[in-house]
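Chemist: I have a structure I would like to understand better, so I am pasting it below and will then ask my questions one at a time.
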Amino acid sequence: MVYDAGRFDTIVIGAGHAGVEAGLAAARMGAKTLMLTLNLDMIAFMPCNPSVGGPAKGIVVREIDALGGEMAKTIDKSYIQMRMLNTGKGPAVQALRAQADKPIYIKEMKQTLENQENLTIRQGMVDKIFVEDGICKGVITETGALYQAETVIITTGTFMRGKVLMGDLEYESGPNNQRTSVKLSENLEELGIELTRFKTGTPPRVNSHTIDYSKTEIQPGDDKPQGFSYETKEFIMDQIPCWLTYTNEFTHQVINENLGLSAMYSGAKRGTGPRYCPSIEDKIVRFNDKPRHQIFLEPEGRDTEEVYVQGLSTSLPESVQHKILRSIPGLEKAEMMRPGYAIEYDAVVPTQLWPTLELKKIPGLFTAGQINGTSGYEEAAAQGIMAGINAAAKVLGKEPVILDRSQAYIGVLIDDLVTKGTKEPYRLLTSRAEYRLLLRHDNADLRLTDIGHELGLISEERYEQFEKKKQLVEEEKARLRKVTIKPTPEVQAMLESANATALREPMKAYDLLKRPELNYDKIDSVIESNEGLSADVKEQVEIQIKYEGYIKKANEQVERMKKMEDKKIPEDLDYDAISGLATEARQKLQLVRPLSVGQASRISGVNPADISILLIYIEQGRIAKVAN
Ligand SMILES: Cc1cc2nc3c(=O)[nH]c(=O)nc-3n(C[C@H](O)[C@H](O)[C@H](O)COP(=O)(O)OP(=O)(O)OC[C@H]3O[C@@H](n4cnc5c(N)ncnc54)[C@H](O)[C@@H]3O)c2cc1C
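Residue numbers 134 to 761, in this note's numbering, belong to the letters of the sequence shown in order.
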């Protein structure tokens with residue numbers, strides 16, 4: 134029996150990594166928000182690796198923070214280890230990676246949700262989207278509660294018709310033996326939403342007491358940990374190491390002998406798995422020339438003995454998993470606390486979405502996270518905050534927010550999904566971002582804080598600090614342009630200590646800093662210091678000066694790209710009326726309904742010839758409209 138359970142502005146289904154960001158963003162923008170999830174004790178649960186960040190993903194966490202999201206602040210309060218990766222390489226590939234204390238991460242995020250104004254969180258299973266005249270009007274739970282709202286965001290992750298696979302064992306379940314969500318999948322199909330079947334896998338967990346660490350290599354955190362959030366001022370110094378070991382020929386032999394027992398290799402028709410998080414079976418088959426594969430032993434938290442065996446994701450039978458574990462140095466006597474498994478689940482085909490993450494077919498209904506075909510906590514959280522912002526903007530009568538490919542990895546992620554779609558779980562990589570030199574860990578605030586502030590997601594106090602930082606960076610750059618460094622013995626000594634060529638004639642500090650062997654501190658040591666400048670201001674000055682030429686070139690490319698992005702295409706353009714378009718291009722354009730010529734040019738199957746025809750047609754249409 135359905136009963137009226139109340140009215141909200143926005144409803145978020147799910148409190149995973151996408152759901153929490155969506156709910157917090159909508160509530161903080163002023164939308165009266167309801168969050169429904171299956172289990173309040175599993176809010177922001179990490180069903181797989183106990184880590185946040187890494188290449189590209191770490192930069193996304195910074196971007197979410199610059200927009201006013203929560204993931205960065207939460208991991209800065211709950212990490213057991215923090216490392217800056219690729220410090221030997223350029224700033225475009227440097228990224229933070231934190232090992233998370235899973236139970237603490239959940240506790241911190243739940244507290245944040247419970248104390249958030251405008252946000253109501255409830256435990257419940259949503260079975261149906263309430264749609265009237267083709268427009269989303271709310272949700273109905275399995276207990277008959279009808280919650281009405283103008284916008285609804287589905288962030289149900291890997292729970293949609295979840296099926297756990299381990300050898301020939303398979304059963305309906307969400308991750309970690311949680312309930313699966315069946316009726317909502319069926320309802321989306323009834324509403325004409327196209328679903329696809331994906332899968333992902335996770336490795337076993339073993340008891341730390343049963344690991345012989347003397348046979349592994351320690352992987353400590355950074356001495357001076359940094360934070361993901363621009364608001365973090367205190368750092369957790371007491372870090373816990375991870376440990377590195379390797380598979381060996383015997384491990385590979387055990388796997389090869391049992392490949393047919395793997396749910397993934399038994400030949401049964403299965404969902405598509407992530408290319409970039411391969412199972413150990415995949416690795417043994419695809420890289421059979423490699424004598425060993427890295428295995429990282431990652432503690433799941435400070436107050437638990439559970440250790441995540443990174444690199445051993447599998448869907449082989451439990452009995453085989455024991456053999457595999459015992460073949461690995463350090464794990465000869467390992468006790469398995471949880472077996473690895475694979476999970477198959479429904480995902481929404483993301484080309485059915487506008488770049489705001491609203492479904493084209495059902496106005497008011499948004500989707501975000503793994504349900505859109507991605508893999509990863511960070512990718513989910515990124516979509517969550519954007520869906521939350523746009524669902525609230527729709528209710529509050531504000532302009533939608535679409536980040537383009539030159540502004541953020543979040544922009545790259547969403548544009549790839551809604552324009553190109555994905556045939557397997559999509560994972561963010563630096564190589565996906567053509568403007569990655571502009572999308573760095575160090576400048577996420579400069580790229581996005583203004584937007585977060587405009588939306589009311591960044592506090593005035595933080596914004597003032599941000600404005601101050603920008604001003605100090607510009608003033609220091611201007612100062613270094615004026616300071617002349619002469620070839621004095623002190624300067625020559627500094628240059629020699631840095632293996633840099635001696636100075637023959639006076640040079641501006643700004644230009645000398647461009648030398649690869651030198652950094653801000655070196656230059657600062659031979660000129661009058663600008664006392665009190667913070668480390669991140671100095672870092673920004675150094676990067677902006679050193680990479681000035683590359684950044685300028687990248688910005689010129691962006692300007693060229695923007696010209697195509699500014700050529701808007703009417704949402705209701707009739708592609709059948711345009712003669713000369715290739716059939717595949719016409720079909721793809723009708724499916725994706727790109728909002729700009731730039732987006733149209735990124736659709737696979739739409740060629741430059743089609744773009745020229747489209748450009749002429751739009752231009753003629755514009756001229757015709759002007760004429761009338
Ligand atoms: C087995 C496994 C392996 C993984 N392997 C990888 C990997 O290799 N690499 C990687 O990057 N990531 C991996 N992931 C992680 C993946 O990124 C996460 O699933 C991530 O948590 C996705 O975030 P999300 O917010 O989209 O969904 P989830 O975190 O899954 O959250 C979904 C939320 O929706 C709720 N919910 C579901 N149905 C309903 C309903 N009908 N009504 C109300 N609430 C509902 C749930 O309670 C939950 O809170 C793996 C996940 C799993 C389960």
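By construction, the Cβ of each residue, glycine as well, lies at the ideal position given by its N, Cα and C atoms.
Bridge partners of M299, per DSSP?
Modeler: The count along the sequence shown starts at 1 and reaches residue 299 at position 166. DSSP output for M299 lists L302 as bridge partner(s).
Chemist: On the criterion of 16 or more Cβ atoms from any shown chain inside 10 Å, does H342 qualify as buried, or is it exposed?
Modeler: For the purposes of this step, residue 342 is taken as the residue at position 209 of the sequence shown. It counts as exposed.
Chemist: Inspect the beta-carbon positions of G404 and R338 and report whether they are closer than 7 Å.
Modeler: Here residue 404 refers to the residue found at position 271 of the sequence shown. Here residue 338 refers to the residue found at position 205 of the sequence shown. Cβ distance not < 7 Å, so G404 and R338 don't count as in contact.
Chemist: Taking only three categories from DSSP, how would you classify F331?
Modeler: Locating residue 331 in the sequence shown gives position 198, counting from the first residue. It is a strand residue.
Chemist: Could you check the C-alpha separation between I208 and K696 for me, to the nearest Å?
Modeler: Walking along the sequence shown from the start, residue 208 turns up at place 75. Walking along the sequence shown from the start, residue 696 turns up at place 563. Their Cα atoms are separated by approximately 39 Å.
Chemist: Determine the extent of the alpha helix (DSSP H) in which D549 is found, giving its start and end residues.
Modeler: Translated into positions along the sequence shown, residue 549 becomes position 416. Neither: D549 is in no alpha helix (DSSP H) and is coded neither H nor E.
Chemist: Would you say the beta carbon of M258 is closer than 6 Å to some non-hydrogen atom of ligand 1?
Modeler: Residue 258 sits at position 125 when you count from the first residue of the sequence shown. Yes; taking the cut-off as 6 Å, the Cβ of M258 has a heavy atom of ligand 1 nearer than that.
Chemist: Would you report the Cα separation of A633 and L645, rounded to the nearest angstrom?
Modeler: Within the sequence shown, numbered from 1, the residue matching residue 633 stands at position 500. Within the sequence shown, numbered from 1, the residue matching residue 645 stands at position 512. Roughly 10 Å between the two C-alpha positions.
Chemist: Using the rule of at least 16 other Cβ atoms within 10 Å of the residue's Cβ for burial, across every protein chain shown, is G530 buried or exposed?
Modeler: Along the sequence shown, read from residue 1 onward, the residue named residue 530 stands at position 397. Exposed, by the Cβ-count rule.
Chemist: Just to confirm before moving on: does the CB-CB distance between N391 and M470 stay below 7 Å?
Modeler: Here the question's residue 391 lines up with position 258 in the sequence shown. Here the question's residue 470 lines up with position 337 in the sequence shown. For N391 and M470, no; Cβs fall outside 7 Å.
Chemist: For T335, which option in K270, S737, E414 and E323 has the closest C-alpha, if you only look at C-alpha atoms?
Modeler: In the sequence shown, residue 335 corresponds to position 202, counting from 1. Of the listed residues, the one whose Cα sits closest to T335 is E414.
Chemist: State the beta-bridge partners of I273 as determined by DSSP.
Modeler: Counted from its first residue, the sequence shown places residue 273 at position 140. DSSP lists K261 and L279 as partners of I273.
Chemist: For the alpha helix (DSSP H) that contains P236, what are its first and last residues?
Modeler: Taking the sequence shown and counting its residues from 1, the one referred to as residue 236 is at position 103. First-last of the alpha helix (DSSP H) with P236: K235 to E247.
Chemist: Give the straight-line distance between the Cα atoms of D266 and V272, rounded to the nearest whole angstrom.
Modeler: The residue you call residue 266 lines up with position 133 of the sequence shown. The residue you call residue 272 lines up with position 139 of the sequence shown. Between the alpha carbons of D266 and V272 lies a distance of about 15 Å.
Chemist: Contact check, K700 vs L628 under 8 Å by CB: the rounded distance?
Modeler: Here the question's residue 700 lines up with position 567 in the sequence shown. Here the question's residue 628 lines up with position 495 in the sequence shown. Incorrect: roughly 50 Å between the Cβ atoms, too far for contact.
Chemist: Let me check you understand the geometry: is the CB of C269 closer than 6 Å to at least one non-hydrogen atom of ligand 1?
Modeler: The sequence position of residue 269 within the sequence shown is 136, counting from 1. Not so, every heavy atom of ligand 1 lies at least 6 Å from the Cβ.
Chemist: Using 6 Å as the cut-off, classify the Cβ of A525 as near or not near the heavy atoms of ligand 1, replying yes or no.
Modeler: Taking the first residue of the sequence shown as position 1, residue 525 is located at position 392. Every heavy atom of ligand 1 is 6 Å or more from the Cβ of A525, so no.
Chemist: Is F375 a contact residue of ligand 1, with contact defined as CB to any heavy atom under 6 Å?
Modeler: Working through the sequence shown from its first residue, we reach residue 375 at position 242. Residue 375 is actually Cys in this sequence, not Phe. Not under cutoff, so the answer is no.
Chemist: Our contact map puts S508 next to Y441 with C-beta atoms below 8 Å; I'd like the distance itself, whole angstroms only.
Modeler: Here residue 508 is taken as the residue at index 375 of the sequence shown, counted from 1. Here residue 441 is taken as the residue at index 308 of the sequence shown, counted from 1. Not confirmed; about 16 Å, so no contact.
Chemist: Return yes when at least one heavy atom of ligand 1 lies under 6 Å from the C-beta of L169, else no.
Modeler: Residue mapping note: residue 169 aligns to position 36 of the sequence shown, counting from 1. It does: the Cβ of L169 is within 6 Å (strictly closer) of some heavy atom of ligand 1.
Chemist: So is the beta-carbon of F383 under 6 Å away from any non-hydrogen atom of ligand 1?
Modeler: For the purposes of this step, residue 383 is taken as residue 250 along the sequence shown, with counting starting at 1. Flag unset: Cβ of F383 not near ligand 1.
Chemist: I want to check one thing, is the minimum distance from the CB of G139 to the heavy atoms of ligand 1 below 6 Å?
Modeler: Residue mapping note: residue 139 aligns to position 6 of the sequence shown, counting from 1. The answer is no for G139.
Chemist: May I ask whether a heavy atom of ligand 2 can be found less than 6 Å away from the beta carbon of T291?
Modeler: With respect to ligand 2, the structure shown offers nothing to examine, as its ligands consist of ligand 1.
Chemist: In this structure, what does DSSP give as the bridge partners for R338?
Modeler: The sequence position of residue 338 within the sequence shown is 205, counting from 1. Paired residues: Y441 and R471.
Chemist: Thinking just about the alpha-carbon of each residue, which of D234, E305 and T313 is nearest to the one in D260?
Modeler: Position 127 of the sequence shown, counted from the start, is the residue given in the question as residue 260. Of the candidates D234, E305 and T313, the one whose C-alpha sits nearest the C-alpha of D260 is T313.
Chemist: Could you say which of K686, K494 and A668 lies nearest to Q359 if we only look at CA atoms?
Modeler: Looking up residue 359 in the sequence shown gives position 226. Per the Cα distances, A668.
Chemist: Taking T253 as part of the beta strand (DSSP E), name the residues at either end of that continuous run.
Modeler: For the purposes of this step, residue 253 is identified with residue 120 of the sequence shown, where counting begins at 1. First-last of the beta strand (DSSP E) with T253: L252 to Q256.
Chemist: Rounded to a whole number of angstroms, what is the C-alpha to C-alpha distance between V185 and S712?
Modeler: Walking along the sequence shown from the start, residue 185 turns up at place 52. Walking along the sequence shown from the start, residue 712 turns up at place 579. Taking the straight line joining both Cα atoms gives about 49 Å.
Chemist: Are there any heavy atoms of ligand 1 lying less than 6 Å away from the beta-carbon of H426, as far as the coordinates show?
Modeler: Position 293 of the sequence shown, counting from 1, holds the residue named residue 426. No - ligand 1 has no heavy atom lying nearer than 6 Å to the Cβ of H426.
Chemist: Using DSSP with H/G/I as helix, E/B as strand and the rest coil, what is T291?
Modeler: The count along the sequence shown starts at 1 and reaches residue 291 at position 158. When secondary structure is reduced to three states using DSSP, T291 falls in the coil class, being assigned neither helix nor strand.
Chemist: Can you tell me whether T166 is buried or exposed? The criterion is at least 16 other CB atoms within 10 Å of its CB, across all chains shown.
Modeler: For the purposes of this step, residue 166 is identified with residue 33 of the sequence shown, where counting begins at 1. With 16 or more other Cβ atoms within 10 Å, it is buried.
Chemist: Count the other C-beta atoms from every protein chain shown that fall within 10 angstroms of the C-beta of P622, then say buried if there are 16 or more, exposed otherwise.
Modeler: One-based indexing of the sequence shown puts residue 622 at position 489. Residue environment: P622 is assigned as exposed (fewer than 16 neighbouring CB atoms within 10 Å of its CB, all protein chains considered).
Chemist: Once the 5 residues before and after T276 are set aside, which same chain residues still bring their CB inside 7 Å of it?
Modeler: Mapped onto the sequence shown, residue 276 falls at position 143. The residues are G257.
Chemist: May I ask you to check if the CB of Y510 is nearer than 6 Å to at least one heavy atom of ligand 1?
Modeler: As a first step, residue 510 is located in the sequence shown; it is residue number 377 there, counting from the start. Yes, since a heavy atom of ligand 1 falls inside the 6 Å radius drawn around the Cβ of Y510.
Chemist: Please report the straight-line C-alpha distance between Q427 and Q386, rounded to a whole angstrom.
Modeler: Within the sequence shown, numbered from 1, the residue matching residue 427 stands at position 294. Within the sequence shown, numbered from 1, the residue matching residue 386 stands at position 253. Taking the straight line joining both Cα atoms gives about 16 Å.
Chemist: Among the residues of its own chain, which have a CB less than 6 Å from the CB of A526, if the five just before and after it don't count?
Modeler: The sequence position of residue 526 within the sequence shown is 393, counting from 1. Excluding residues within five positions, the ones whose Cβ falls inside 6 Å are P533.
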